[in-house]
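Counting with my numbering, you get residues 37 to 460 for the letters of the sequence shown.
Here a beta-carbon is modelled for each residue, glycine too, at the ideal position from N, C-alpha and C.
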Amino acid sequence: MPDGARDVVVVGGGIVGLAVAWRAARAGLTVTVLDPSPGDGATHAAAGMLAPVTEADFGEDDALRLHLAAAAAWPGFADDLHAATGADVGLRTAGTLTLAYDADDLASLRRVLALHAAHGLASHELTVADARRLEPYLGPRVAGAAWAPADHAVDPRATHAALLGALDGGAGPETLAGAGAEARAAVVRASARRLALDPSGRVVGVHDDAGRLHAAGAVVVAAGWESGTLLMDVPGVVVPTRPVKGQTLRLDAGPDLALEHVVRGVVQGRPVYIVPRDPVPDGQGHDCAGHREVVVGATTEENPDDRRATAGGVFALLRDARALLPGIDEAALVDVTPRARPATPDNLPLVGPTAVPGLHVATGHGRNGILLAPLTADAVVAGLTGTPLPADVAAALSPTRTDRFAEPGFDARRSAAFSPTTPR
Numbered sequence: 037m038p039d040g041a042r043d044v045v046v047v048g049g050g051i052v053g054l055a056v057a058w059r060a061a062r063a064g065l066t067v068t069v070l071d072p073s074p075g076d077g078a079t080h081a082a083a084g085m086l087a088p089v090t091e092a093d094f095g096e097d098d099a100l101r102l103h104l105a106a107a108a109a110w111p112g113f114a115d116d117l118h119a120a121t122g123a124d125v126g127l128r129t130a131g132t133l134t135l136a137y138d139a140d141d142l143a144s145l146r147r148v149l150a151l152h153a154a155h156g157l158a159s160h161e162l163t164v165a166d167a168r169r170l171e172p173y174l175g176p177r178v179a180g181a182a183w184a185p186a187d188h189a190v191d192p193r194a195t196h197a198a199l200l201g202a203l204d205g206g207a208g209p210e211t212l213a214g215a216g217a218e219a220r221a222a223v224v225r226a227s228a229r230r231l232a233l234d235p236s237g238r239v240v241g242v243h244d245d246a247g248r249l250h251a252a253g254a255v256v257v258a259a260g261w262e263s264g265t266l267l268m269d270v271p272g273v274v275v276p277t278r279p280v281k282g283q284t285l286r287l288d289a290g291p292d293l294a295l296e297h298v299v300r301g302v303v304q305g306r307p308v309y310i311v312p313r314d315p316v317p318d319g320q321g322h323d324c325a326g327h328r329e330v331v332v333g334a335t336t337e338e339n340p341d342d343r344r345a346t347a348g349g350v351f352a353l354l355r356d357a358r359a360l361l362p363g364i365d366e367a368a369l370v371d372v373t374p375r376a377r378p379a380t381p382d383n384l385p386l387v388g389p390t391a392v393p394g395l396h397v398a399t400g401h402g403r404n405g406i407l408l409a410p411l412t413a414d415a416v417v418a419g420l421t422g423t424p425l426p427a428d429v430a431a432a433l434s435p436t437r438t439d440r441f442a443e444p445g446f447d448a449r450r451s452a453a454f455s456p457t458t459p460r
């Protein structure tokens, strides 16, 4: 490598990119992260559910195996980050309550519970009375419920802030100790414009929007839905990511919405979730008794990266959330956050090395970027360092291989993956 080159440049400073960078630095690699506004993409909107069971769907067995492995990686990741930074990432392990609003919704919920049973997943049906014992503030019209004790949640913004502080120190590069060596990591607030390739076709760095070359032995593209755009003209690499807009709401919930668990529900066929955070500080280091941030989500809109909050999106989320939890009416609406998630044609991420030497990708996580971030980081760092993954983890990750869209006849430019109007 040229003098001054980093071992790794990570393009993208969302939770996936920063998790990769932090794990790489802890493994002894020198790392630069390029992002003009770290954490301002899908991470900023995410509710942070770690829900492989309640997210399980028919015909998506590969995703289920991947999500179960990802959920298993989170406790260790949170512990490691807390040990390194002292930060609380808001990991809540109280379980998830799923509600059915009417008889048709209950029939659908029971079909999903049968799917869970077929896969040996931990979930079971509850009576409405049992559901009310878990959450006394449920609305009067709830037809049924289910309980998933191992589906949890984390605070994505708190996690991202901890990672950014570890890598950036708030002011510049910080030395990180890990794997018996010291590694330097820095976050550069700039946009990646194009990759640098040597005459043999190996990736050797990234040019930013100021024309500077960030030389590196390897480049990891973790730029969300824009990853495909950045890599569009790289021969031998097909990364068909597209933006899928999601709007989430943040409420300041008072005593009429004192939730202890993640609440998910289906209201006349429409999914909605309500995720509580820990009590909101009062600015003087004390918790405000009875007040918690609650995240309500999320819309799914096949749109370009459109950051406009819409009246229809806000209405739909509040309508369905208040059908399950009428106390939402008294909560203060603090924030509406529209962001684009990075989706792929088969709803699985792209993780690992590509056919181009020196180029790795970590993108396409869709709605599950928070859940998948630690596992993605472990997989990418294993590829960077040549360290084998445990067999079960490697098997779970195998469907995310980066060459699966590179077969003859697949044209990323013409693919429906790039059509903003493709229904899903």
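Residue(s) in a DSSP beta bridge with residue i
i	result
aspartate 36	Look at the range of the chain in this structure, 37 to 460, and you will see that residue 36 is not part of it.
leucine 133	Trp183 and Val299
threonine 284	Thr373
valine 310	The residue asked about is misnamed: residue 310 is isoleucine in this sequence, not valine. Isoleucine 310 pairs with Val299 and Val332.
valine 45	Thr68 and Val255
glutamate 161	Ala182
glutamate 337	Lys281
arginine 62	Looking at the DSSP assignment, arginine 62 forms no beta bridge with any residue, so it has no partner.
leucine 233	Val239
leucine 384	Answer by DSSP bridge pairing: none, since leucine 384 is not bridged.
histidine 188	Leu86
Collapsed DSSP secondary structure at residue i in the structure displayed
i	result
proline 374	strand
alanine 368	strand
glycine 112	helix
arginine 193	helix
proline 172	coil
threonine 79	helix
arginine 101	helix
valine 270	coil
arginine 177	coil
alanine 202	helix
alanine 379	strand
valine 52	helix
arginine 403	helix
histidine 118	helix
valine 148	helix
valine 397	strand
proline 389	strand
alanine 123	coil
leucine 249	strand
arginine 128	strand
alanine 57	helix
Environment of residue i [buried if 16+ CB atoms lie within 10 Å]
i	result
proline 459	Low per-residue confidence applies at proline 459: pLDDT is 26, beneath 50, and the placement is therefore not dependable enough to give any value.
alanine 357	buried
phenylalanine 94	exposed
alanine 215	Its pLDDT being 37, under 50, alanine 215 is placed unreliably in this model, and the value from its coordinates should be taken loosely. Result: exposed.
alanine 236	In the sequence as presented, alanine is not what sits at residue 236; that position holds serine. Looking at its Cβ environment, which holds fewer than 16 other Cβ atoms inside 10 Å, serine 236 is exposed.
valine 302	buried
aspartate 269	exposed
proline 72	exposed
serine 159	buried
glutamate 366	exposed
leucine 249	exposed
proline 74	buried
threonine 412	buried
threonine 277	buried
aspartate 318	Model confidence at aspartate 318 stands at a pLDDT of 46, short of 50, so the residue's coordinates are unreliable; what they give is reported in the following sentence. Flag for aspartate 318 reads exposed.
aspartate 204	buried
alanine 219	Its pLDDT being 48, under 50, alanine 219 is placed unreliably in this model, and the value from its coordinates should be taken loosely. Buried: at least 16 other Cβ atoms inside 10 Å.
threonine 335	buried
alanine 167	buried
On the three-pair Cβ rule with 8 Å, is the region 183-201 touching the region 138-145? The region 183-201, when compared against the region 138-145, does not touch it at the 8 Å Cβ threshold.
When you compare the region 124-134 with the region 422-434, are there three or more beta-carbon pairs, one atom per stretch, that lie closer than 8 Å? no
Within 8 Å, do at least three Cβ pairs link the region 272-285 to the region 370-390? yes
What are the start and end residues of each continuous alpha helix (DSSP H) run of 4 or more residues lying completely inside the region 415-449, in chain order? List check, alpha helix (DSSP H) in window: 427-433.
Just checking, does the region 393-401 make contact with the region 253-273 on the three C-beta pairs under 8 Å criterion? Three or more beta-carbon pairs drawn from the region 393-401 and the region 253-273 are found closer than 8 Å, and the two stretches are therefore classed as touching.
For the region 405-420 against the region 45-56, are there 3 or more C-beta pairs whose distance is under 8 Å? yes
At least 3 beta-carbon pairs within less than 8 Å: the region 328-339 vs the region 175-185: When Cβ pairs closer than 8 Å are counted between the two stretches, the region 328-339 is seen not to touch the region 175-185, the count staying below three.
Determine contact between the region 160-167 and the region 180-188, defined as no fewer than three beta-carbon pairs at a distance below 8 Å. yes
So does the region 85-105 actually touch the region 240-248, counting three or more Cβ pairs closer than 8 Å? Judged by pairs of C-beta atoms under 8 Å, the region 85-105 does not touch the region 240-248, as fewer than three such pairs exist.
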